[in-house]
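Each protein sequence line maps, in turn, to chains A and B.
Quick note: the first sequence uses our numbering, first residue 2, plus one each step.
Quick note: the second sequence uses our numbering, first residue 46, plus one each step.
For every residue, glycine included, the Cβ atom is placed at its ideal position computed from N, Cα and C.
The model shown is predicted, which means the values in this text are computed figures rather than measured ones.
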Amino acid sequence: MVMLRYAVYRFFTMLLTLLVVSVLIFIIINLPPGDYLSNQIAELQASGQSAGVAKAEFLRAEYALDRPMWEQYLIWIGFWPGPHGFSGLIQGNYGWSFEFDRPVSEIVGDTLWLTVVVNLAAILFVYAVALPLGVIAAARSRTWIDYTSAFVGYLGLATPNFLLALILFYYGHRYFNLPIGGLMDPQFEGQPLSWDKIKSILIHLIVPTFVIGTSGASAMMQRLRANMLDELGKPYVETAIAKGMAPSRMLTKYPLRVAFNPFVADIGNLLPSMVSGSVLVSVVLGLQTIGPTLLTALKTQDQFLSAFILMFVALLTLIGTMISDILLVMLDPRIRYEGREA
Amino acid sequence: MSALLCVRDLSIGFGAGSSVVTDVNFDVKPGETLALVGESGSGKTITCRAVLRILPRTAQIRSGTITLNDSKGTCNLTAVTEREMRGIRGNRVSMIFQEPMRSLSPLHKIGNQVSEVLWLHRGLSESEARKKVLTQFERVGFPDPQRAYDSYPFELSGGMRQRAMIAMAMVSKPELLIADEPTTALDVTTQAQVLGLIKELQRETGMALILVTHDLGVVANMAEQVVVMHKGRIMEAGPAAPILTSPAHPYTKQLFDAAPEIPDQDAVGIPMPDDDLILQMKGVSKTYTMRSSKGWQADKEIYACKGVDLNLARGKTLAIVGESGSGKTTAARIALGAELPDPGGEVLFRTAPNTDPITVHNMTRAQRTAFQRNAQMVFQDPYSSLSPRMRIQDAMTEPLEIHRIGTTAEQRDKAAEMLQRVGLTADMLKRYPHAFSGGQRQRLSVARAMMLDPQLIVCDEPTSALDVSVQEQILTLLEKLQESLNLSYLFISHDLAVVARIADEVAVMRRGLIVEQAPPETLFYNPRHPYTKALIAAQPEPDINRPIDLKVVSLGAGAPDSWDEAFRFSDTVIPSLVELEPGHKVRCHV
Chain A
2 MVMLRYAVYR FFTMLLTLLV VSVLIFIIIN LPPGDYLSNQ IAELQASGQS AGVAKAEFLR
62 AEYALDRPMW EQYLIWIGFW PGPHGFSGLI QGNYGWSFEF DRPVSEIVGD TLWLTVVVNL
122 AAILFVYAVA LPLGVIAAAR SRTWIDYTSA FVGYLGLATP NFLLALILFY YGHRYFNLPI
182 GGLMDPQFEG QPLSWDKIKS ILIHLIVPTF VIGTSGASAM MQRLRANMLD ELGKPYVETA
242 IAKGMAPSRM LTKYPLRVAF NPFVADIGNL LPSMVSGSVL VSVVLGLQTI GPTLLTALKT
302 QDQFLSAFIL MFVALLTLIG TMISDILLVM LDPRIRYEGR EA
Chain B
46 MSALLCVRDL SIGFGAGSSV VTDVNFDVKP GETLALVGES GSGKTITCRA VLRILPRTAQ
106 IRSGTITLND SKGTCNLTAV TEREMRGIRG NRVSMIFQEP MRSLSPLHKI GNQVSEVLWL
166 HRGLSESEAR KKVLTQFERV GFPDPQRAYD SYPFELSGGM RQRAMIAMAM VSKPELLIAD
226 EPTTALDVTT QAQVLGLIKE LQRETGMALI LVTHDLGVVA NMAEQVVVMH KGRIMEAGPA
286 APILTSPAHP YTKQLFDAAP EIPDQDAVGI PMPDDDLILQ MKGVSKTYTM RSSKGWQADK
346 EIYACKGVDL NLARGKTLAI VGESGSGKTT AARIALGAEL PDPGGEVLFR TAPNTDPITV
406 HNMTRAQRTA FQRNAQMVFQ DPYSSLSPRM RIQDAMTEPL EIHRIGTTAE QRDKAAEMLQ
466 RVGLTADMLK RYPHAFSGGQ RQRLSVARAM MLDPQLIVCD EPTSALDVSV QEQILTLLEK
526 LQESLNLSYL FISHDLAVVA RIADEVAVMR RGLIVEQAPP ETLFYNPRHP YTKALIAAQP
586 EPDINRPIDL KVVSLGAGAP DSWDEAFRFS DTVIPSLVEL EPGHKVRCHV
């Protein structure tokens, strides 16, 4: 009951935060002087192409860029009727990309869920690697296991991602016949989902997951190790040993459970750093994620496209923090029962 | 009768260093209590942990044997495999630790943690174990075992958590229980009850007990056999009665001399004079508002102290005594101006007789600076009250720098002088705190508090983190300083025996109220309030003929509504303090 109420409360605060974020994003995007169309108009006028100018002027009116800022914002969100009535984000209209001359939804389409898939895979990889390694490194601290894992971990942290990507591509292709670049074989692009397509995506995911995940995993591992070491010195661990518990069970039941909190709290932070960190990697690996698109959109001041992508990343982050908050409450009775009558 | 546990020639060391425990021998017979007594660093804890091989990773048992010989067979605990050892831990030999607050996992329910012993060693199912644990919970004195089973540790008080630990240790019916300072972290009345409980359980089940403690009073109340340890060696060992009545070894004698005692009194004491008061607290209350976690419930008001009236005469010592949560520290913080009393309360401080007082509850910035030069504090934990990154010299001259007093050279000289005053030497100025022992650190804290030449020093349990022999030294130091500098002390403590020695007047607090107030002689000669009586009765005396009277303890240590009608109080009905004889006030209905 407590949980459900908290989850509902947390969901509403998330929506509120999202609203605030949308305002910020809109302001930041409009901060540089001019917009895509005014730049284009100036360019066209300089070269004397008046037909283009007329089209650009038409687009300006079509997308309400000639109206005051606050009205533009409300129309973009969908709180205010634009030239075509209520048609904003909440109505499912993501806007028009001037650069690509196509609706935003068409451009991002596939890349949206591919981004989610790539980053989820990377996060799972981070957790799957960091959890056991961190625990073992703490339990066997100051032994060769600890030192080796720390060495490999720091290597992962220190190697530039794109370099790692190139190396892995080369050797992956040479020894395991892994595909190079992309997230699926070209023949599946634009095709509906099928078993073969999923299989192709999974194979293509191996190298990117590894590349995007390593630095996160080694950082997380070191953090978990430090937390575990703190916990291992606590008296309740001694109590558990004095009970006659076997070390492995004792470790996972008691100290890990306590050290797990920061681990869970990190979910929210991981998502955005993964998404932004994977932009360069995506360019190098030729992944059809949202990163490269965002880069182009920002460079050309393609405002609807970049605003939408930023909103999407913000949404991912907020969902991540919401999940970690709710998990924390589930995991830690001290948070759950704060203020309960003793 | 053969011994249940035989320790022979045990030596333990860390890494390549010399042994910290050397040639220790003792036997524990079935059903018997053996007390391992010693100060910190004596090796008593390491020795008792060696029995279950719960040692720090760098420690090794260098030589010797530990033989367990119970109804399940005989085995050499230094030679068994780790797997066999796991079958012994918590099953044939159990252990209780010092800090009940931290010895239970904060994230698992009490019932789960206790039942685990039965899952591990008896292979019981969850429901079978639950049944047994609930019986055990009832036995150790949980008023509502079902509820305790489903509680988390942070929902229970310290005493209740230690009861849960005892239940955990007892549920598998071990033949030997090792208790490592099981009551050191508890209030004195709770300590008495927990000790009583352990003794009772021991009588019922016939298990043997190794009790590790630094408190000779606890030894006198519990032990049949005593082993006195010092620097890893046994100084003296044997039956309790002769050792406690006529110790043979000089070290044991020294321990006895240092142990504070509540003296027998045969007359009332002289009340504190009231013509030259340095500190006056009038009607001081402090309420905190606890924000309700549920939006629709009103916030709760909790009072930390209520209607506190205290007078401290110049050059005297006023002690506030009470258990944790009694409001004694809040009262001291208000006296120092670190916290504001609720409106209506007054705190007055006079730097000289018959001058206008500083109103501590309502100071301007300038007044506060002046006041701070006159009132300083000595804290409880000398290990955390000195910054590990500051040289002693910097820590000591910092107050002078803040108040811009003197040149650097003058400040240095002052620091050197103060160090000598507290029995240290000036060449220690360049060192860092880690180079000092606990007792030396507390001397440093006293010296630092003295740097501004204050008139009033608030001592917040200044000796409770120290060994008895060191405690003795610090108390002597405080007395000496008071005599030579005419200092006034506001002394906060939970230990009546310490207070008996140093105070000129004692105020006993309980649930934020002063329940009895008198000079210590009067208080011990003629205690009137049931809670004061309980405190005195619960004090373990190092005298084997004066055991703790648990009946008196349980009469006064309970909630205020369990007291005799004449003393009872609740949130709404509070009797006032009545002066029974000059200088002796008791909170009761007349």
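key: Interface residues of chain B facing Arg335(A) [CB-CB closer than 9 Å]   = On the first sequence, residue 335(A) is found 334 positions in, with the first residue counted as 1. For the C-beta of Arg335(A), the chain B residues within less than 9 Å are, from N- to C-terminus, Pro151, Leu152, Tyr197, Phe199.
CB contact flag (Asn114(B), Leu49(B), <8 Å) = Position 69 of the second sequence, counting from 1, holds the residue named residue 114(B). Position 4 of the second sequence, counting from 1, holds the residue named residue 49(B). Their beta carbons are under 8 Å apart, which means Asn114(B) touches Leu49(B) by this criterion.
task = Closer than 9 Å by beta-carbon distance: list the chain B residues that pair up with Tyr1(A), in chain order.
result = For chain A, the structure presents residues 2 to 343; residue 1(A) sits outside this window and is missing.
message = So the candidates are Met146(B), Pro145(B), Pro386(B), Thr180(B); which of them puts its Cα closest to the Cα of Ser160(B)?
response = Position 115 of the second sequence, counting from 1, holds the residue named residue 160(B). Ranking Met146(B), Pro145(B), Pro386(B), Thr180(B) by Cα distance to Ser160(B) puts Thr180(B) first.
ask   = Do three or more CB pairs link the segment 554–570 of chain B to the segment 521–530 of chain B at distances below 8 Å?
value = Cβ pair count under 8 Å is below three, so no.
request  = Using a Cβ cut-off of 8 Å (strictly closer), state whether Asp319(B) contacts chain A.
outcome  = Counting from 1 along the second sequence, the entry for residue 319(B) is found at position 274. By this cut-off, Asp319(B) is not an interface position.
key: Near-chain A residues of the segment 175–194 of chain B (beta-carbon distance less than 7 Å), N- to C-terminal order   = Taking 7 Å as the upper bound on Cβ-Cβ separation, chain A lies near no residue of the segment 175–194 of chain B.
Cβ-based contacts, 7 Å cut-off: residues of the segment 243–258 of chain A near chain B = Taking a C-beta cut-off of 7 Å against chain B, the contacting residues of the segment 243–258 of chain A are Ala243, Lys244, Gly245, Met246, Ala247, Tyr255, Arg258, listed in chain order.
Contacts around Ala260(A), its chain only, beta-carbon distance under 7 Å, and the 5 residues preceding and following it disregarded = On the first sequence, position 259 is the one that residue 260(A) refers to. Same-chain partners within the cutoff: Leu225, Asn228, Met229, Glu232.
query = What residues of chain B sit near Pro236(A), judged by a beta carbon separation below 7 Å?
reply = Mapped onto the first sequence, residue 236(A) falls at position 235. From the beta-carbon of Pro236(A), the residues of chain B found nearer than 7 Å are Phe142, Glu144, Arg147, Ser148.
ask   = Taking the C-alpha atoms as reference points, what is the distance between Ser325(A) and Ile124(A)?
value = For the purposes of this step, residue 325(A) is taken as residue 324 along the first sequence, with counting starting at 1. For the purposes of this step, residue 124(A) is taken as residue 123 along the first sequence, with counting starting at 1. C-alpha of Ser325(A) to C-alpha of Ile124(A): approximately 13 Å in a straight line.
request  = Determine the contact status of Leu149(B) and Gln158(B), defining contact as a CB-CB distance below 8 Å.
outcome  = Translated into positions along the second sequence, residue 149(B) becomes position 104. Translated into positions along the second sequence, residue 158(B) becomes position 113. With respect to the 8 Å criterion, Leu149(B) and Gln158(B) are classified as neighbours on the basis of their beta carbons.
query = Counting pairs of Cβ atoms below 8 Å between the segment 69–86 of chain A and the segment 41–51 of chain A, do you hit three or more?
reply = Short answer: they don't touch.
key: Chain-ordered neighbours of Gly62(B) on chain A, where CB pairs are closer than 7 Å   = The sequence position of residue 62(B) within the second sequence is 17, counting from 1. Within 7 Å of the CB of Gly62(B), no CB atom of chain A is found; the nearest one sits about 18 Å away.
task = Could you please give the first and the last residue of the uninterrupted alpha helix (DSSP H) stretch that includes Leu165(A)?
result = Position 164 of the first sequence, counted from the first residue, corresponds to residue 165(A). Leu165(A) -> alpha helix (DSSP H) spans 162–177.
ask   = Quick one: which chain A residues come within Cβ less than 9 Å of Glu161(B)?
value = In the second sequence, counting from the first residue as 1, residue 161(B) sits at position 116. Per Cβ cutoff of 9 Å: Ala241, Lys244, Met246, Lys254.
message = Please report the straight-line C-alpha distance between Arg341(A) and Arg613(B), rounded to a whole angstrom.
response = Reading the first sequence from its first residue, position 340 is the one you call residue 341(A). Reading the second sequence from its first residue, position 568 is the one you call residue 613(B). Its pLDDT being 45, under 50, Arg341(A) is placed unreliably in this model, and the coordinates cannot settle the point.
ask   = Of all the options Arg546(B), Leu163(B), Leu489(B), which has the alpha carbon lying nearest to the alpha carbon of Asp426(B)?
value = Counted from its first residue, the second sequence places residue 426(B) at position 381. When only C-alpha atoms are compared, the closest one is Leu489(B).
task = Check whether the Cβ of Gln181(B) sits closer than 7 Å to any heavy atom of the ligand GTP, and report yes or no.
result = As presented, the structure is devoid of all ligands, the ligand GTP included, so that no description of it is given.
key: Local Cβ density within 10 Å of Ala304(B), reported as buried at 16 or more and exposed below that   = Indexing the second sequence from 1 puts residue 304(B) at position 259. Buried: at least 16 other Cβ atoms inside 10 Å.
ask   = Any C-beta of chain A sitting closer than 8 Å to the C-beta of Ile255(B)?
value = Residue 255(B) sits at position 210 when you count from the first residue of the second sequence. Taking Cβ atoms only, chain A never reaches closer than 8 Å to Ile255(B), which makes this a no.
query = How is Thr210(A) classed by DSSP in three states: helix, strand or coil?
reply = As a first step, residue 210(A) must be located in the first sequence, where it is residue number 209. The answer is helix: DSSP assigns Thr210(A) an H, G or I state.
ask   = Any idea what DSSP makes of Val618(B), helix, strand or coil?
value = Along the second sequence, read from residue 1 onward, the residue named residue 618(B) stands at position 573. Note: Val618(B) maps to coil in three-state DSSP.
query = Would Leu81(B) count as contacting chain A if we go by Cβ distances under 8 Å?
reply = For the purposes of this step, residue 81(B) is taken as the residue at position 36 of the second sequence. So, not an interface residue.
query = Buried or exposed: which applies to Thr215(A), given that a residue is buried once 16 or more other Cβ atoms fall within 10 Å of its Cβ?
reply = Counting from one through the first sequence, the residue named residue 215(A) turns up at place 214. With 16 or more other CB atoms across the displayed protein chains lying within 10 angstroms of its CB, Thr215(A) is buried.
task = Specify the secondary structure class of Cys633(B) as computed by DSSP and reduced to three states.
result = The count along the second sequence starts at 1 and reaches residue 633(B) at position 588. For Cys633(B), the secondary structure class from DSSP, reduced to helix, strand or coil, is coil.
ask   = Going along chain A, which residues have a C-beta under 8 Å from Ile589(B)?
value = For the purposes of this step, residue 589(B) is identified with residue 544 of the second sequence, where counting begins at 1. The premise fails here: Ile589(B) is roughly 30 Å from chain A at the closest Cβ pair, so nothing lies under 8 Å.
task = Flag Leu165(B) as yes if its beta-carbon sits less than 8 Å from any beta-carbon of chain A, otherwise no.
result = Against the second sequence, residue 165(B) aligns to sequence position 120. At least one chain A Cβ lies under 8 Å of Leu165(B).
query = Should Ile99(B) be flagged as near chain A, meaning a C-beta pair shorter than 8 Å?
reply = By one-based count along the second sequence, residue 99(B) stands at place 54. In terms of beta-carbon proximity, Ile99(B) lines the interface with chain A, with at least one pair separated by less than 8 Å.
ask   = How many angstroms separate the CA atom of Ala57(A) from the CA atom of Gln304(A)?
value = Here the question's residue 57(A) lines up with position 56 in the first sequence. Here the question's residue 304(A) lines up with position 303 in the first sequence. For the pair Ala57(A) and Gln304(A), the Cα-to-Cα distance works out to about 15 Å.
request  = Helix, strand or coil for Trp145(A), going by three-state DSSP, please let me know.
outcome  = For the purposes of this step, residue 145(A) is identified with residue 144 of the first sequence, where counting begins at 1. Secondary structure at Trp145(A): helix, using DSSP grouped into helix, strand and coil.
key: Between the CA atoms of Ala293(B) and Arg278(B) - distance to the nearest angstrom   = For this step, residue 278(B) is matched to residue 233 along the second sequence. For this step, residue 293(B) is matched to residue 248 along the second sequence. Rounded to whole angstroms, Arg278(B) to Ala293(B) spans 16 Å at the Cα level.
request  = Note down, in chain order, each residue of its chain lying with its Cβ closer than 7 Å to the Cβ of Met473(B), except the 5 sequence neighbours on either side.
outcome  = For this step, residue 473(B) is matched to residue 428 along the second sequence. The answer, listed in chain order, is Ile437, Leu464.
key: Beta-carbon proximity list for Ser56(B), same chain, < 8 Å, skipping 5 on both sides   = Taking the first residue of the second sequence as position 1, residue 56(B) is located at position 11. Only Ser64, Val66, Thr67, Asp68, Val69, Ile106, Arg107, Ser108, Gly109 meet the Cβ criterion.
query = Below 8 Å, can you find three or more Cβ-Cβ pairs linking the segment 260–275 of chain A to the segment 314–333 of chain A?
reply = They touch, by the three-pair rule.
ask   = Going straight from the alpha carbon of His479(B) to that of Gln500(B), what length do you get?
value = If you number the second sequence from 1, residue 479(B) lands on position 434. If you number the second sequence from 1, residue 500(B) lands on position 455. Distance between the alpha carbons of His479(B) and Gln500(B): 29 Å.
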